[in-house]
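In what follows, a structure is listed as structure tokens, so that the remarks can point back to it.
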Amino acid sequence: MERTWIVENAEFIALPRSNIEDTIDNVFKIHLNEEILELSNEFCKYYYATDIEEQEEYFAIVFENNFVPNIKNIDFLYNHPIEGLNKIINYSVVRLSSTKEERLVVLVESYNVENTLETYLEQNKSINATELEEMVTSITAVLTNLQDARIFCCSINPANILMQDGVFLALREFIDSYPDFYQKEQYLAPELIECHPAARFVESTKSDIYALGITMLQAYTARAHWNDHKKIHDYNIARFENTTYKYLLSRIKLPDKLRVFFKWTTRDDASMRWKTANLKEWLDGKITKITHESLVDNKNTIGFNDHNYSTIKALSYAMFEQWTESISFIKDTKLYKWASREQFSNDDLTSIQNLVDKKSDTPFVVTNTLNANIKISKLLSILDKDGSIRQEGLALSAASIPTFLHYLVINNKKELAEKVLKVIKDEAWVSYQEYEDSAGHLSRAQADTLVTMAMHIQSGTSTTRGIEKLVYSLNANAICCSALLKDHYVSTIPELLMSLDLIAEKNPTKFNIDKHIVAFVSAKLDLTEDIKSAILPNFPKISENPIVRTLSMLNILQTYEPEIEIPNVCRIIVSDLKELFKDHLHNVEFKEKILSTLDEVAKEGKLSEIIQILSDQQQFINDYNGYYEACRQAKILEQKIKTLNNERKIFDNSLLLGQKMTVLVSYVLCFVVTVSVIL
Amino acid sequence: MFRSNCLCNFIGKIDMSQSDSDKSFKFAASLIKVIAIVIALMVMVISKYALIFFAAAMLPTIFAIFFDKNEHRCLSATICSFNLIGVIPYLIRMWESSSVDYVAKQILSNVETWMIIYGAAFIGQLLYASMPLLVVKFYAAKTYSKVAKHEKKHKALCDQWGIDLQ
């Protein structure tokens, strides 16, 4: 079942397919009439499923085709179940009987959706220190195992912690959405707070540890501290202004051991926050003492937009939220003065000074705004080194770029997609390169891959160099989102060919190669240039026709997968080509010859032979030239006929000629008579 | 630009050659009448009877000149020629005789003379009326055959190359 392809640098895992509708691996039946609405979301639907033989109950996660689940993670978790994480039983591409669509379905252990830590806390219960330690032990083990497999962002929050009889059972599966997409803001680590929900993936357990700390604090105190604020935004401002751990720990009394845990798991700066190794040490009793740190500091405040801010995170959060106001703020030297009192290195201070220096601005208003936007992004990356990549109206983690770009393109958010493309081209992650725990960090290898793949991308031009191609290149497991393939799960070239042939057979009128298919093929085959016309490149009317472009593209595919036969596609192509040639070829004899040859070739089902027939361009040139010469001749003849058919003119001319001839004859006779009389 | 200039020059030359040809023909058509006037002047010097004869004999020409509306004066030229064909043998006879007046009187009084002279003029008139029409018929027949030939060629061309016949 396991088959791995390497497509460029992205790892591709071929998916198993089920032959029977609504059934995974011929064993597990999905009950499409029994949806679990509490768990379904915009990326997948949950249904009950049962083992056909033993009637054991499971949950089937049926993914939407416009979502890119992390197949690598699913495959790993299927092959290597982790104790304390809800188990993946099986996964497969299944055709659903209700819509006849092929979908990826992941089967997981069933659980009681009402038995979570959230519902437990809603019953005004709390957990004691021992229960907390047990829960942290289990979750730390899960996080450690996930970290070893480079799996991160498991959306830890009370709703995702499954309980049984008041004891931790397991973490819910977190594969059902983009990483942390549905994570509530209070559990989001500060480095991810500004990020777009679909762009919160970081390759670090630090954000999970923050979420764990907040969840455990809520469970231990049986109190949601953010509910003290009207809006979650106010809580964010409060926690960043005071730093989370100071803000929360100043409100409650805790045993020293727990205080140590909460202090180091809820640190705002990711670099200072604990790792899983620290958690283990704490659980083993190696870290017990708390360094006494005043929870009330002497504050170094700075005013921005009628508010005072005393921490870097609070200021950067406010600057991102109030971007327009930040444009005038960065021109104020007080920012530099404030920064010089904070713990910044000399290099950072010099950079800040350069950015807030008024003289560097150009006098042009438009350039000024553009420069200001660049400056704010740069400034935020210096001030908040753990933070995300921030642009005007957009924040994202660097590691989430591939899936985020897919999300934006599929949801037709072109403006944001263009911004992400700019982030890639500007290599905006460079500013975060030295800070591994920051949301803006990207490993050198990943960065190189991104830049290489984006190198040929020119938005708004050809499909093979468009943003869609980049999306498919970056997401090896993304399925082709063409409207034509709506009912098909196509993630490889062979699957594409087979699906196209099936569509050509069942629904030939709808057969059409759209930009998604071209982009998908370009990405899979790593085509950097536009697909050239396989036939008659010197005839734009023919070579630029969609059917010829389709032929050219499918021919490339068949070259890569010669063993896959596509007779129905061939038949449609030939039929369309015949229509095309009926319109564009002129010489009747030549046209008939070409059409009859195409008919013969269509039976064999090989595109290369169609191309072979049409490869001799000279005969088409002759036809083209011959036609225009024939048109010219015909026009001349028409003109001649028109002139000759002018009866009045003919009569006048011939009458005049007759009169002239009469005069001539009379003169000749006169001369002859005169001469003969004289002689 | 150069080509259109050339075309204009060419069309101009055609027009000029056509007007030249017209002028030449008009001159040719009037030549016979000039000859007739010259003959009249010569006859006037020789004998008054001969002049009377010539004037009377040339009456068809005089009428034709008055009634000829043709641009090239073809009618009067044709009738004048035939008129002279009828007159010249008698003028020669007068010229060769010893007494011009006497022969002129004889010719004037002979009815046969007038029948021959006016008959010749009448033949000229008939020729003028019939010969151009014959030429018209012949020319039209030739044109129709040419049109049919062109149409056949045009149809074959259109059939071979799929040109839409509008």
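Those sequence lines, one after another, are chains E and P. Note that the first sequence covers residues 740 to 1418 in the working numbering. Note that the second sequence covers residues 4 to 169 in the working numbering. The C-beta atom is built at its ideal place from N, Cα and C for all residues, glycine as well. All of these numbers come straight from a predicted model, not from anything done at the bench.
Check: What separation, rounded to the nearest whole angstrom, lies between the Cα atoms of residue 1291 of chain E and residue 1341 of chain E?; Outcome: 16 Å
Check: According to DSSP, residue 784 of chain E sits in a beta bridge with which residue or residues?; Outcome: E:801
Check: Run the CB neighbour count on residue 1207 of chain E, radius 10 Å, all protein chains shown included, and call it buried at 16 or more, exposed below.; Outcome: buried
Check: Does the segment 753-773 of chain E come into contact with the segment 826-838 of chain E, if we say contact requires no fewer than three beta-carbon pairs (one atom in each stretch) closer than 8 Å?; Outcome: yes
Check: Within the 8 Å Cβ cut-off, does residue 61 of chain P reach chain E?; Outcome: no
Check: Is the CB of residue 115 of chain P under 8 Å away from at least one CB in chain E?; Outcome: no
Check: According to the Cβ coordinates, are residue 826 of chain E and residue 847 of chain E closer than 8 Å?; Outcome: yes
Check: Could you confirm whether any beta carbon from chain P is found closer than 8 Å to the beta carbon of residue 1377 of chain E?; Outcome: yes
Check: Give me the Cβ distance between residue 1056 of chain E and residue 1004 of chain E, rounded to the nearest whole Å; I'm assuming they're in contact under 8 Å.; Outcome: Incorrect: roughly 20 Å between the Cβ atoms, too far for contact.
Check: Mind listing the chain E neighbours of residue 95 of chain P? Cutoff is C-beta to C-beta under 7 Å, in chain order.; Outcome: 1416, 1417
Check: Taking Cβ positions only, does residue 1104 of chain E come closer than 8 Å to chain P?; Outcome: Any reading at residue 1104 of chain E must be qualified, since the residue scores a pLDDT of 45, below 50, and its modelled position is unreliable; no value is offered.
Check: Residues of the segment 1387-1412 of chain E with a CB closer than 8 Å to any CB of chain P: list them in chain order, please.; Outcome: 1389, 1390, 1392, 1393, 1394, 1395, 1396, 1397, 1398, 1399, 1400, 1401, 1402, 1404, 1405, 1406, 1408, 1409, 1412
Check: Compare the C-beta of residue 1380 of chain E with all C-beta atoms of chain P and state if any pair is closer than 8 Å.; Outcome: yes
Check: Which value, in whole angstroms, describes the spacing of the CA atoms of residue 687 of chain E and residue 855 of chain E?; Outcome: Residue 687 of chain E falls outside the range modelled here, since chain E spans only 740 to 1418, and no answer is possible.
Check: List the residues of chain E whose Cβ lies closer than 7 Å to the Cβ of residue 122 of chain P, in chain order.; Outcome: In chain order: nothing, as chain E lies at least about 13 Å away.
Check: For residue 1141 of chain E, does the count of other Cβ atoms within 10 angstroms reach 16, so buried, or fall short, so exposed?; Outcome: buried
Check: Can you name, in chain order, every residue of its own chain whose Cβ lies under 7 Å from the Cβ of residue 938 of chain E, other than the five neighbours on each side?; Outcome: 1135, 1136, 1139, 1143
Check: Can you pull the chain P residues whose beta carbon is under 8 Å from the beta carbon of residue 1370 of chain E, in chain order?; Outcome: 164, 166
Check: I need the DSSP call for residue 903 of chain E, collapsed to helix, strand or coil.; Outcome: strand
Check: Distance cutoff 8 Å, beta carbons only. Does residue 53 of chain P sit that close to anything in chain E?; Outcome: no
Check: Less than 8 Å between the beta carbons of residue 1252 of chain E and residue 146 of chain P, yes or no?; Outcome: no
Check: Report, in whole angstroms, the separation of the C-beta atoms of residue 1026 of chain E and residue 1069 of chain E, which I expect to be a contact under 8 Å.; Outcome: With 8 Å as the limit, residue 1026 of chain E and residue 1069 of chain E do not qualify as a contact, their Cβ atoms being about 41 Å apart.
Check: Do you know how far the Cα of residue 881 of chain E is from the Cα of residue 940 of chain E?; Outcome: 18 Å
Check: Does chain P have any CB closer than 8 Å to the CB of residue 1319 of chain E?; Outcome: no
Check: For residue 1248 of chain E, count neighbouring C-beta atoms within 10 Å of its own C-beta (all shown protein chains included) and say buried if the count is 16 or more, exposed if not.; Outcome: exposed
Check: Rounded to whole angstroms, what's the CA-CA distance from residue 767 of chain E to residue 791 of chain E? Just pull it up for me.; Outcome: 6 Å
Check: Do residue 1219 of chain E and residue 1250 of chain E have their beta-carbon atoms positioned less than 8 Å apart in this structure?; Outcome: no
Check: Under the rule that 16 or more other beta-carbon atoms within 10 Å means buried, what is residue 1225 of chain E, buried or exposed?; Outcome: exposed
Check: Give the residues of chain E in contact with residue 138 of chain P, contact being defined as C-beta atoms less than 7 Å apart.; Outcome: 1393, 1396, 1397, 1400
Check: What first and last residue would you give for the alpha helix (DSSP H) that runs through residue 1390 of chain E?; Outcome: 1386-1417
Check: Between the alpha carbons of residue 807 of chain E and residue 1334 of chain E, how many angstroms are there, rounded?; Outcome: 44 Å
Check: In the DSSP assignment, find the alpha helix (DSSP H) that holds residue 1346 of chain E and state where it starts and stops.; Outcome: 1346-1352
Check: Using C-beta distances below 7 Å, list every residue in its chain close to residue 1344 of chain E, excluding the 5 sequence neighbours before and after it, in chain order.; Outcome: 1304, 1305, 1306, 1309
Check: Name the residue from E:850, E:824, E:811 whose alpha carbon lies nearest to the alpha carbon of residue 795 of chain E.; Outcome: E:850
Check: For residue 1154 of chain E and residue 1065 of chain E, I'd like the C-alpha separation in whole angstroms.; Outcome: 22 Å
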